[in-house]
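In my numbering, the protein residues as written are 1 to 348. Note that beta-carbon positions come from the ideal geometry of N, C-alpha and C, so glycine has one too.
What follows is the structure, given as structure tokens:
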């Protein structure tokens with residue numbers, strides 16, 4: 001791997017982390033490299049590792065997913081049939097022997113994926129992806145024709161199926177398979193400087209309790225997304241001892257089949273988004289690029305109203321409070337629900 005051309009990028013990443021006095025016992029050292037996804041301390045080599053964006057189902061019969069607890073960013077978005085799907089952004093995928101199961105992609109996942117410059121892993125798609133998935137900047141591995149009715153099937157030979165579930169819920173990939181396919185297809189396994197954003201979220205120095213918003217921050221120990229995702233009834237319960245929201249799906253803890261861990265997030269974002277039904281089959285479209293829509297930011301058992309802005313495919317989505325300031329996320333994983341405008345989140 002040609003790490004020399006990334007030297008400047010590492011310098012920018014590490015220089016951006018200044019010495020901050022948090023308490024007499026806590027300091028953030030200037031030479032630490034921090035994760036663009038979680039703000040956790042990582043090695044410089046890990047900071048350059050290219051993530052995967054992998055499509056995973058929410059179908060009840062397809063639970064649990066394998067490797068999903070490694071997702072630093074987890075998106076959930078509605079699809080046709082009133083069933084949502086998940087896209088997991090995983091940077092530490094190396095060493096995982098079973099990731100999935102893997103389902104097809106939709107066009108509106110691509111602008112969310114490109115924020116992170118990942119290798120997109122999916123099992124086919126739909127015709128509305130045709131113009132975008134075929135362009136050379138998209139590096140994807142697909143188990144079948146990449147847009148459903150046609151296209152290539154890059155890396156299809158590295159997927160495998162298991163006998164414990166029926167198709168289409170039994171397709172998986174491994175870290176070795178990803179590495180092999182990337183080598184065959186000429187995909188970089190390190191982030192691409194021309195696309196990668198070393199700055200994405202703004203993280204708090206210390207812990208952001210949202211207390212600075214006073215009455216503008218409401219209590220949110222439970223988050224109910226059943227109006228947004230009525231099939232999965234996705235939800236969260238705040239664990240005050242751990243300081244994270246634990247996720248449920250279909251009324252039960254959502255866990256990783258590899259390790260049994262319940263999914264947990266320091267930050268939960270609901271992003272209200274304009275949408276359309278594209279045809280009689282029920283395929284949807286979402287307006288991923290926008291500067292006028294709103295949503296909610298949940299952390300530490302509280303919630304505030306936000307506005308979001310995304311101006312280009314490879315540009316990060318930025319979230320602002322009602323004062324026009326960029327919100328400060330807490331260190332840790334983030335769940336993002338891309339919600340159909342008109343469907344509401346409940347919390348208490």
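Identify the continuous beta strand (DSSP E) that holds residue 334 and give its terminal residues.
Numbered from 1 along the chain shown, position 334 holds the residue referred to as residue 334. Start and end: 334 to 340.
Could you name the residues that DSSP lists as bridge partners for residue 229?
Locating residue 229 in the chain shown gives position 229, where the first residue counts as 1. In DSSP, residue 229 forms no bridge with anything.
Would you say residue 136 faces chain C, with C-beta separation under 9 Å as the test?
The structure shown contains no chain C; it is built from a single protein chain.
Distance check for residue 215 and residue 119, CA to CA, integer angstroms please.
Mapped onto the chain shown, residue 119 falls at position 119. Mapped onto the chain shown, residue 215 falls at position 215. Between residue 119 and residue 215, the C-alpha separation is close to 42 Å.
By a C-beta neighbour count over all protein chains shown, 10 Å radius and 16 as the cutoff for buried, is residue 358 buried or exposed?
Nothing can be reported for residue 358, as the shown portion of the chain is limited to 1 through 348.
Using the C-alpha atoms, what's the distance from residue 134 back to residue 184?
Locating residue 184 in the chain shown gives position 184, counting from the first residue. Locating residue 134 in the chain shown gives position 134, counting from the first residue. Distance between the alpha carbons of residue 184 and residue 134: 17 Å.
Classify residue 179 as helix, strand or coil using the three-state DSSP reduction.
Here residue 179 refers to the residue found at position 179 of the chain shown. In this structure, residue 179 counts as helix in the three-state DSSP scheme.
Is residue 111 helix, strand or coil when you go by DSSP?
Residue numbering aside, residue 111 sits at position 111 when the chain shown is read from its first letter. If DSSP states are grouped into helix, strand and coil, residue 111 belongs with the helices.
Contact under 9 Å by Cβ, residue 89 with residue 37:
Taking the first residue of the chain shown as 1, we reach residue 89 at position 89. Taking the first residue of the chain shown as 1, we reach residue 37 at position 37. Cβ atoms of residue 89 and residue 37: closer than 9 Å.
Integer-rounded CB distance, given that residue 171 should sit under 8 Å from residue 143
Counted from its first residue, the chain shown places residue 143 at position 143. Counted from its first residue, the chain shown places residue 171 at position 171. Confirmed, Cβ separation roughly 6 Å.
Could you pull the DSSP bridge partners for residue 159 from this structure?
Counting from 1 along the chain shown, the entry for residue 159 is found at position 159. Paired residues: none, contrary to the question.
For residue 88, the three-state DSSP class (helix, strand or coil)
As a first step, residue 88 must be located in the chain shown, where it is residue number 88. DSSP places residue 88 in strand when its eight states are reduced to three.
I'd like to check one pair, residue 285 with residue 275: are the Cβ atoms closer than 9 Å?
For the purposes of this step, residue 275 is identified with residue 275 of the chain shown, where counting begins at 1. For the purposes of this step, residue 285 is identified with residue 285 of the chain shown, where counting begins at 1. In this structure, the beta-carbon distance from residue 275 to residue 285 falls below 9 Å.
Who are the near neighbours of residue 174 in its chain, counting only those whose CB is closer than 7 Å to its CB and skipping five residues on each side?
If you number the chain shown from 1, residue 174 lands on position 174. Result list for residue 174: 96, 97, 98 and 99, in chain order.
Quick test of the definition: if touching needs 3 or more C-beta pairs under 8 Å, does the region 237 to 245 touch the region 31 to 50?
no
Per DSSP, what are the beta-bridge partners of residue 57 in this structure?
If you number the chain shown from 1, residue 57 lands on position 57. Residue 57 pairs with 85.
Report the rounded CA-to-CA distance for residue 102 versus residue 55, giving the unit in angstroms.
Here residue 102 refers to the residue found at position 102 when the chain shown is read from its first residue. Here residue 55 refers to the residue found at position 55 when the chain shown is read from its first residue. Answer to the nearest angstrom: the Cα atoms are 6 Å apart.
Go to residue 290, then tell me how far its alpha helix (DSSP H) extends in each direction, as first and last residue.
Translated into positions along the chain shown, residue 290 becomes position 290. No alpha helix (DSSP H) holds residue 290; DSSP gives it neither H nor E.
Does residue 115 pass the burial test, meaning 16 or more other C-beta atoms within 10 Å, or should it be called exposed?
Residue numbering aside, residue 115 sits at position 115 when the chain shown is read from its first letter. Per the 10 Å Cβ criterion, buried.
Would you grab the beta carbon distance between residue 262 and residue 268 for me? Rounded to a whole angstrom, and I think it's under 8 Å.
Working through the chain shown from its first residue, we reach residue 262 at position 262. Working through the chain shown from its first residue, we reach residue 268 at position 268. Contact between residue 262 and residue 268 is ruled out by a C-beta separation of about 14 Å, above the 8 Å threshold.
C-alpha distance - residue 73 paired with residue 280, whole-angstrom precision:
Along the chain shown, read from residue 1 onward, the residue named residue 73 stands at position 73. Along the chain shown, read from residue 1 onward, the residue named residue 280 stands at position 280. Their backbone Cα atoms lie some 32 Å apart in a straight line.
Where the beta strand (DSSP E) containing residue 224 begins and where it ends
As a first step, residue 224 is located in the chain shown; it is residue number 224 there, counting from the start. Residue 224 -> beta strand (DSSP E) spans 222 to 224.
In terms of alpha-carbon separation, which member of 337, 331 and 346 lies closest to residue 35?
To locate residue 35, count along the chain shown from 1; it is residue 35. That would be 331, whose Cα lies nearest to the Cα of residue 35.
Are residue 138 and residue 158 close, meaning C-beta to C-beta below 9 Å?
In the chain shown, residue 138 corresponds to position 138, counting from 1. In the chain shown, residue 158 corresponds to position 158, counting from 1. Not closer than 9 Å, so no.
Secondary structure of residue 71, DSSP reduced to three states
Translated into the one-based positions of the chain shown, residue 71 becomes position 71. Coil.
Once DSSP output is grouped into helix, strand and coil, what is the label at residue 24?
Taking the chain shown and counting its residues from 1, the one referred to as residue 24 is at position 24. With a pLDDT of 34 at residue 24, under the threshold of 50, the modelled position of that residue is not reliable, and the figure given next carries that caveat. Coil at residue 24, not helix or strand.
For residue 47, name the three-state secondary structure that DSSP assigns.
Within the chain shown, the letter at position 47 stands for residue 47. The answer is helix: DSSP assigns residue 47 an H, G or I state.
Span of the beta strand (DSSP E) holding residue 307?
Mapped onto the chain shown, residue 307 falls at position 307. From DSSP, the beta strand (DSSP E) with residue 307 extends over 302 to 309.
DSSP three-state assignment for residue 133, whether helix, strand or coil
Reading the chain shown from its first residue, position 133 is the one you call residue 133. Reduced to three states, the DSSP call for residue 133 is helix.
Do the CB positions of residue 249 and residue 346 come within less than 9 Å of each other?
The count along the chain shown starts at 1 and reaches residue 249 at position 249. The count along the chain shown starts at 1 and reaches residue 346 at position 346. No, the pair does not count as a contact, with Cβ atoms beyond the cut-off.
I need the DSSP call for residue 66, collapsed to helix, strand or coil.
Taking the first residue of the chain shown as 1, we reach residue 66 at position 66. Note: residue 66 maps to strand in three-state DSSP.
Please report the distance separating the alpha-carbon of residue 122 from that of residue 209.
Within the chain shown, the letter at position 122 stands for residue 122. Within the chain shown, the letter at position 209 stands for residue 209. Spanning the two alpha carbons is a distance of roughly 37 Å.
How big is the Cα-Cα spacing for residue 140 and residue 192?
Counting from 1 along the chain shown, the entry for residue 140 is found at position 140. Counting from 1 along the chain shown, the entry for residue 192 is found at position 192. For residue 140 and residue 192, the distance between alpha carbons rounds to 14 Å.
Are there 16 or more other CB atoms within 10 angstroms of the CB of residue 60, so buried, or fewer, so exposed?
As a working note, residue 60 is residue 60 in the chain shown. A residue is called buried once 16 or more other Cβ atoms fall within 10 Å of its Cβ, and residue 60, having fewer, is exposed.
Determine the DSSP secondary structure at residue 184, reduced to helix, strand or coil.
Start at 1 with the first residue of the chain shown, and residue 184 comes out as number 184. Here residue 184 sits in helix by DSSP.
Can you tell me the Cα-Cα spacing of residue 106 and residue 333, whole angstroms?
If you number the chain shown from 1, residue 106 lands on position 106. If you number the chain shown from 1, residue 333 lands on position 333. When rounded, the separation of the alpha-carbon atoms in residue 106 and residue 333 is 24 Å.
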